[in-house]
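First comes the structure, then the notes that go with it.
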Amino acid sequence: FARDIVVSDSIDETRVPNSIFLNGFICKKPIYRTTPFGREISDILLAVNRAYNKSDYIPCIAWGRNARFASHLEIGDNIRIWGRIQSRQYQKKLPDGTVEERTAYEVSISKMEVSKVNNAVNKQEESG
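Under this note's numbering, the first residue of the sequence shown is numbered 2, with each subsequent residue one higher.
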C-alpha cells in the first residue's frame with residue numbers, strides 16, 4: 002500500500018515514471034535459461050521484508066549480463082535491484098483441460114548489486 006502520495010510539478014521527477022528499487026533476499030535458487038531467440042534470462046524470487054515479520058515475494062526477471070550474474074546467487078543472498086514493473090499475458094492449462102488467459106506481473110531488472118554488508122553478517126552467523 003502507499004504511505005504517501007505527492008503531486009509533482011517537476012518534469013524531472015516524472016521522467017522515469019515506471020521505476021522501482023527493491024532491497025531483498027533470494028528465497029529460491031534463480032533459474033537461468035536461454036529463450037528460443039537466444040536471449041539469456043534468469044527468473045528470481047525476491048523476498049522483501051516489511052513490518053511485523055511479514056515478507057512480500059516479488060517475481061523478478063534479469064536479462065543478459067544480469068541473468069548470468071544472478072545464476073550464481075544463492076538462497077539468502079541480500080541483493081538490491083533497480084528496474085520497472087511489467088505485465089505479460091500467458092495461458093494456464095487447468096486440470097479440466099480448459100485454458101485460461103492470465104496476467105503475470107514481475108520486475109524487469111535493469112541494475113542489480115549484492116549487499117556485501119548483510120551477506121557478510123549472514124555468512125558469519127552461519128559459521129558460528
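Glycine is no exception: its CB is placed at the ideal position from the N, C-alpha and C atoms.
Would you report the Cα separation of residue i and residue j, rounded to the nearest angstrom?
{"i": "L23", "j": "I86", "result": "11 Å"}
{"i": "S109", "j": "G98", "result": "31 Å"}
{"i": "K29", "j": "V8", "result": "38 Å"}
{"i": "Y53", "j": "R16", "result": "34 Å"}
{"i": "K55", "j": "P96", "result": "32 Å"}
{"i": "T36", "j": "D5", "result": "39 Å"}
{"i": "I32", "j": "D57", "result": "19 Å"}
{"i": "E101", "j": "P18", "result": "31 Å"}
Compare the C-alpha of residue i against each of the options and name the closest.
{"i": "N50", "options": "D44, I59 and S43", "result": "I59"}
{"i": "E41", "options": "I21, R66, N79 and I76", "result": "R66"}
{"i": "I82", "options": "S116, K30 and C28", "result": "S116"}
{"i": "Y91", "options": "G84, E107, I80 and N79", "result": "E107"}
{"i": "S20", "options": "P31, G84, R34 and N79", "result": "G84"}
{"i": "R34", "options": "N79, P18 and F70", "result": "F70"}
{"i": "I45", "options": "N79, P18 and V100", "result": "N79"}
{"i": "R89", "options": "V100, A105 and E101", "result": "A105"}
Residue i and residue j: beta carbons closer than 8 Å?
{"i": "S72", "j": "S111", "result": "no"}
{"i": "F38", "j": "G77", "result": "no"}
{"i": "K94", "j": "R103", "result": "no"}
{"i": "M113", "j": "A68", "result": "no"}
{"i": "L47", "j": "C61", "result": "yes"}
Could you spell out where the alpha helix (DSSP H) holding residue i opens and where it closes?
{"i": "F38", "result": "Careful: F38 lies outside any alpha helix (DSSP H) and carries neither H nor E."}
Segments of 3+ residues assigned as beta strand (DSSP E) that fall wholly inside the region 56-99: Within the region 56-99, the runs of beta strand (DSSP E) that reach at least 3 residues and sit entirely inside it are, in chain order, 79-94.
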